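A.B. asks: Protein chains in written order, with our numbering: chain A, 5 to 413; chain B, 1131 to 1497.
The structure is given below, and queries will be raised subsequently.
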């Protein structure tokens, strides 16, 4: 039982810190009295910056990506032979911890976190050759096409159809919640190739250029008036058969492989801890006048949130401990997701409460906005966290059935 | 957990399954002493009373994390009796503040289970802070004379000695006070957990100075921290067992033609229970680790407060779900789940509930 680093871990942590200290562009560094959550991250982070019309934003995104690429740290989890950093799970944990501590945006998006790892396990040599290096160079950004209007929690009931026609598949149907598709160059998707088979066994994993004719991306504006995700329509979209990843009809299992990569979600606990520190600092200094008059119950709520952040940290630490022993987390990842997302919501509620009537102000540039209205934004922005990546209801089912062995309903 | 801790945990669990079954827990609820001297001696033979006591004083010299591994098992089995009182209220204050002569005299006896100690801290004001200590101490050299009322003193009716916190002209002062004297009157309270918490009226009771005159509150700091984390560990074990019983019941109990555990309404309660139990265990061990590895005082202090704030409420949620999942049967005296529900409250309140510790967390965060 040990919450401290061993000498090698401490050395690695120092390396990551020093790297961030020297290489993180000024623009990505939280300023005193400002919330790290209130700034650029809110408008889509690195993915959005690289496609921005503002040349300064593009330059920042490029500089940061180049610095990481030079150090070999774009893909900390990927094996070295594929251009990754080949870090152990504990090193990835430390890396992710330090990046979150500095509020440094991650680079490479879903290409690094999802598609690359999937290709490394299931891709053919040609597929790896073609795509991995373009993810690492930041040349290609990826989006994920899983959910459909009729396939949310019950993802395996998806209906988007792919029919083999010579050397191509012809795809028809619709995806929804395709995050970042408007910033992406390529899409990976689950499509139905055998409608007769049991639902998990008629699905294939396919990749395609997002500019393929017949593929249309339409924005969905969320309740915070942001544009994080889209609807994606497929009308006779012709995809080369060589873009099938893994075997036909085994796509469900291809999509579920991400087992060996650090999945502790440590960034959550670290950023809540940091955000709490920033808020307390602000409350005591420049933000005194924003503090509600009757602060005491909020003050104790804030203490609770700080305690819960430590609980979340330990849940994350447990996952990486399991993984570092070469084991695969079972229900523990669901505990993490459920607790983390609900804490996120409580956190934003408590922090917004601290501002009393100023909790109305949405415009981050207003002189009446405490900390650029970050908490108010978060109060809205945290709503889907208990829904995406497997709703918390599904997660609790997983904990109960897979974790505790309760009978399935 | 390392190998030694695994071994300790497994042997403790096996021992307690045999020696401290549910029937024993029930018997002790109605027993005058509240514990079995036979089991007490067997526990001593396991080396448990002296687990933390240095080897030179007849103990095993284990560290604080090991001790918490054991206490978690005691909580799981709801072991009745003065174990916590004697170890955390006797051995630890003496290790922290005692002279070498006091260590020589008392620690080997505590380790062997030959004497029972308890900590007389709180008073009718029911406060946990320094201002709560109002009993009057008169110090003359090594002798201390105390008058006043100490309240919620666990196991005082069977203790041979009390470590009493009282106030002299120089401030809070600790004394080791033998209970078998005219100046010590003990009355057992009837409590929710049917444990033995007592009112102890001291009337010119004689004792010996422990630590320095006026140095009592400083000496109590680490004692209270360790006792607090131990109560967390007890809660973790208790909540773990409550949760396991509830999940087993949900698998067996059939309504509408299927086990109630197949209903999501029950499943989600179970999922929340395991989250609360696991969360409690990790935050408790984090505090224990902080103490055992000598982390900076500020870090240890907030870790302990966080642990007790969290464990107090999380385990209360667990035992409440445990009752709800059991339905009507859980409300009966005959069924075991209520034993956990009632005992959770005792440990939740001991050394401050969540409100108390949350306030301390807020202060340390600079709020």
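All residues carry an ideal CB built from backbone N, CA and C; glycine is no exception.
In this text, all values refer to a predicted model and were calculated from it rather than measured experimentally.
Any residues in the region 1374 to 1396 of chain B with a beta carbon nearer than 7 angstroms to a beta carbon of chain A? Which ones, in chain order?
C.D. replies: Under the 7 angstroms Cβ criterion, the region 1374 to 1396 of chain B contributes 1377, 1380, 1381, 1389, 1391, 1392, 1393 and 1394.
A.B. asks: If you drop the 5 nearest sequence neighbours on each side, which residues of the same chain put their C-beta closer than 6 angstroms to that of residue 3 of chain A?
C.D. replies: Outside the shown range of chain A, which is 5 to 413, sits residue 3 of chain A, and nothing can be said about it.
A.B. asks: Below 8 angstroms, can you find three or more Cβ-Cβ pairs linking the region 387 to 406 of chain A to the region 1395 to 1413 of chain B?
C.D. replies: At 8 angstroms Cβ cutoff, the stretches touch.
A.B. asks: Counting along the chain, where does the alpha helix (DSSP H) carrying residue 1334 of chain B start and finish?
C.D. replies: As a first step, residue 1334 of chain B must be located in the second chain, where it is residue number 204. Unbroken run through residue 1334 of chain B is the beta strand (DSSP E), 1327 to 1340; no alpha helix (DSSP H).
A.B. asks: If the cut-off is 8 angstroms on Cβ atoms, which residues from the region 307 to 334 of chain A count as contacting chain B, listed in chain order?
C.D. replies: Taking 8 angstroms as the Cβ-Cβ cut-off against chain B, the residues of the region 307 to 334 of chain A that qualify are 307, 308, 310, 311, 312, 314, 315, 318, 319, 321 and 322.
A.B. asks: Do we get a CB-CB distance below 7 angstroms when we pair residue 296 of chain A with the residues of chain B?
C.D. replies: Taking the first residue of the first chain as position 1, residue 296 of chain A is located at position 292. No - not a single Cβ of chain B is within 7 angstroms of the one on residue 296 of chain A.
A.B. asks: Do the region 350 to 370 of chain A and the region 306 to 315 of chain A meet, that is, are 3 or more Cβ pairs less than 8 angstroms apart?
C.D. replies: They touch, by the three-pair rule.
A.B. asks: For the alpha helix (DSSP H) that residue 354 of chain A lies in, which residues bound it at each end?
C.D. replies: By one-based count along the first chain, residue 354 of chain A stands at place 350. Unbroken alpha helix (DSSP H) run through residue 354 of chain A: 336 to 357.
A.B. asks: Using a C-beta cutoff of 7 angstroms, does residue 406 of chain A count as contacting chain B?
C.D. replies: Mapped onto the first chain, residue 406 of chain A falls at position 402. It does not: the Cβ of residue 406 of chain A has no partner Cβ on chain B nearer than 7 angstroms.
A.B. asks: May I ask which residues mark the beginning and end of the alpha helix (DSSP H) holding residue 1204 of chain B?
C.D. replies: Position 74 of the second chain holds residue 1204 of chain B. 1194 to 1206 is the span of the alpha helix (DSSP H), which, as asked, contains residue 1204 of chain B.
A.B. asks: With DSSP run on the structure shown, which of helix, strand or coil describes residue 1167 of chain B?
C.D. replies: For the purposes of this step, residue 1167 of chain B is identified with residue 37 of the second chain, where counting begins at 1. Three-state result, residue 1167 of chain B: helix.
A.B. asks: Would a check of beta-carbon distances place residue 1439 of chain B closer than 7 angstroms to chain A?
C.D. replies: Translated into the one-based positions of the second chain, residue 1439 of chain B becomes position 309. Interface residue, yes.
A.B. asks: Examine the Cβ distances between the region 1413 to 1426 of chain B and the region 1460 to 1471 of chain B and report whether three or more of them are shorter than 8 angstroms.
C.D. replies: Output reads no: the region 1460 to 1471 of chain B does not touch the region 1413 to 1426 of chain B.
A.B. asks: Please report how far the alpha carbon of residue 1491 of chain B lies from the alpha carbon of residue 1432 of chain B, in whole angstroms.
C.D. replies: For the purposes of this step, residue 1491 of chain B is identified with residue 361 of the second chain, where counting begins at 1. For the purposes of this step, residue 1432 of chain B is identified with residue 302 of the second chain, where counting begins at 1. Each residue's alpha carbon lies about 6 angstroms from the other.
A.B. asks: Using the Cβ count rule (16 or more neighbours within 10 Å means buried), how would you classify residue 319 of chain A?
C.D. replies: As a working note, residue 319 of chain A is residue 315 in the first chain. The residue in question, residue 319 of chain A, is buried, as its Cβ has 16 or more Cβ neighbours within 10 Å.
A.B. asks: On the DSSP bridge list, what partners appear for residue 1316 of chain B?
C.D. replies: Here residue 1316 of chain B refers to the residue found at position 186 when the second chain is read from its first residue. The partner list for residue 1316 of chain B (beta bridge, DSSP) reads B:1330.
A.B. asks: Does the beta carbon of residue 233 of chain A sit closer than 7 angstroms to a beta carbon anywhere in chain B?
C.D. replies: Here residue 233 of chain A refers to the residue found at position 229 when the first chain is read from its first residue. No, residue 233 of chain A does not count as interfacial toward chain B.
A.B. asks: Using a Cβ-Cβ cut-off of 7 angstroms, state whether residue 45 of chain A counts as contacting chain B.
C.D. replies: For the purposes of this step, residue 45 of chain A is taken as the residue at position 41 of the first chain. The predicted model places residue 45 of chain A with a pLDDT of 39, which falls under 50 and marks its position as unreliable; any figure quoted below should be read in that light. Output row for residue 45 of chain A: interface = no.
A.B. asks: Taking the Cβ atom as the reference point for each residue, do residue 1195 of chain B and residue 1220 of chain B lie within a distance shorter than 7 angstroms?
C.D. replies: Within the second chain, residue 1195 of chain B is the residue found at index 65, counting from 1. Within the second chain, residue 1220 of chain B is the residue found at index 90, counting from 1. Not a contact, by the Cβ cut-off of 7 angstroms.
A.B. asks: Please return the same chain residues whose Cβ sits closer than 6 angstroms to the Cβ of residue 379 of chain A, not counting the five positions on each side in sequence.
C.D. replies: Position 375 of the first chain, counted from the first residue, corresponds to residue 379 of chain A. For residue 379 of chain A, where only same-chain residues beyond five positions count, the Cβ hits under 6 angstroms are 352, 355 and 356.
A.B. asks: Considering Cα atoms alone, identify which of A:302, A:187, A:381 and A:328 is closest to residue 1497 of chain B.
C.D. replies: For this step, residue 1497 of chain B is matched to residue 367 along the second chain. Taking only the C-alpha atoms, the option nearest residue 1497 of chain B is A:302.
A.B. asks: Report all residues from its chain with a CB closer than 7 angstroms to the CB of residue 1205 of chain B; omit the five preceding and five following residues, and keep chain order.
C.D. replies: On the second chain, position 75 is the one that residue 1205 of chain B refers to. So the qualifying residues of the chain are 1363, 1364, 1365, 1366, 1367 and 1368.
A.B. asks: Below 7 angstroms CB to CB, which residues in the same chain sit around residue 46 of chain A once its five sequence neighbours on both sides are set aside?
C.D. replies: Your numbering for residue 46 of chain A matches position 42 in the first chain. The predicted model places residue 46 of chain A with a pLDDT of 40, which falls under 50 and marks its position as unreliable; any figure quoted below should be read in that light. Excluding sequence neighbours, residue 46 of chain A sits near 381.
A.B. asks: Please report the straight-line C-alpha distance between residue 252 of chain A and residue 135 of chain A, rounded to a whole angstrom.
C.D. replies: Sequence index remark: in the first chain, residue 252 of chain A carries index 248 (1-based). Sequence index remark: in the first chain, residue 135 of chain A carries index 131 (1-based). Their backbone Cα atoms lie some 20 angstroms apart in a straight line.
A.B. asks: Might you give, ordered along the chain, the residues of its own chain that have their beta carbon closer than 7 angstroms to the beta carbon of residue 85 of chain A, omitting 5 neighbours on each side?
C.D. replies: Within the first chain, the letter at position 81 stands for residue 85 of chain A. Closer than 7 angstroms at the Cβ level, and outside the excluded window around residue 85 of chain A, lies no residue.
A.B. asks: At 3 residues or longer, and completely inside the region 278 to 337 of chain A: list those beta strand (DSSP E) runs for me, N to C.
C.D. replies: Segments of the beta strand (DSSP E) lying fully in the region 278 to 337 of chain A: there are none.
A.B. asks: DSSP has residue 244 of chain A in a bridge; who is on the other side?
C.D. replies: The count along the first chain starts at 1 and reaches residue 244 of chain A at position 240. According to DSSP, residue 244 of chain A bridges with A:172.
A.B. asks: Considering residue 1291 of chain B, what are the terminal residues of the beta strand (DSSP E) in which it resides?
C.D. replies: Walking along the second chain from the start, residue 1291 of chain B turns up at place 161. Segment 1291 to 1298, the beta strand (DSSP E) holding residue 1291 of chain B.
A.B. asks: When you compare the CB positions of residue 270 of chain A and residue 100 of chain A, do they come within less than 7 angstroms of one another, or not?
C.D. replies: Sequence index remark: in the first chain, residue 270 of chain A carries index 266 (1-based). Sequence index remark: in the first chain, residue 100 of chain A carries index 96 (1-based). A contact, by the Cβ cut-off of 7 angstroms.
A.B. asks: Report back the beta-carbon spacing between residue 414 of chain A and residue 142 of chain A to the nearest angstrom; my notes put them in contact at under 8 angstroms.
C.D. replies: Here chain A has residues from 5 to 413 only, and residue 414 of chain A is not among them.
A.B. asks: Report all residues from its chain with a CB closer than 6 angstroms to the CB of residue 1506 of chain B; omit the five preceding and five following residues, and keep chain order.
C.D. replies: Since the first residue shown for chain B is 1131 and the last is 1497, residue 1506 of chain B is missing from the structure and cannot be characterised.
A.B. asks: Is there a C-beta anywhere in chain A that falls below 7 angstroms from the one on residue 1416 of chain B?
C.D. replies: The sequence position of residue 1416 of chain B within the second chain is 286, counting from 1. Interface residue, yes.
A.B. asks: Check each candidate in A:347, A:366 and A:171 and name the one with the smallest Cα separation from residue 390 of chain A.
C.D. replies: Taking the first residue of the first chain as 1, we reach residue 390 of chain A at position 386. Checked all of A:347, A:366 and A:171; the closest Cα to residue 390 of chain A is A:347.
A.B. asks: What's the C-alpha gap between residue 412 of chain A and residue 1385 of chain B?
C.D. replies: Counting from 1 along the first chain, the entry for residue 412 of chain A is found at position 408. Counting from 1 along the second chain, the entry for residue 1385 of chain B is found at position 255. Answer to the nearest angstrom: the Cα atoms are 15 angstroms apart.
A.B. asks: Thinking just about the alpha-carbon of each residue, which of A:393, A:304, A:298 and A:125 is nearest to the one in residue 280 of chain A?
C.D. replies: Against the first chain, residue 280 of chain A aligns to sequence position 276. Taking only the C-alpha atoms, the option nearest residue 280 of chain A is A:304.
A.B. asks: I want to verify the contact list: residues of chain A whose CB lies under 7 angstroms from the CB of residue 1408 of chain B, in sequence order.
C.D. replies: By one-based count along the second chain, residue 1408 of chain B stands at place 278. Per Cβ cutoff of 7 angstroms: 339.
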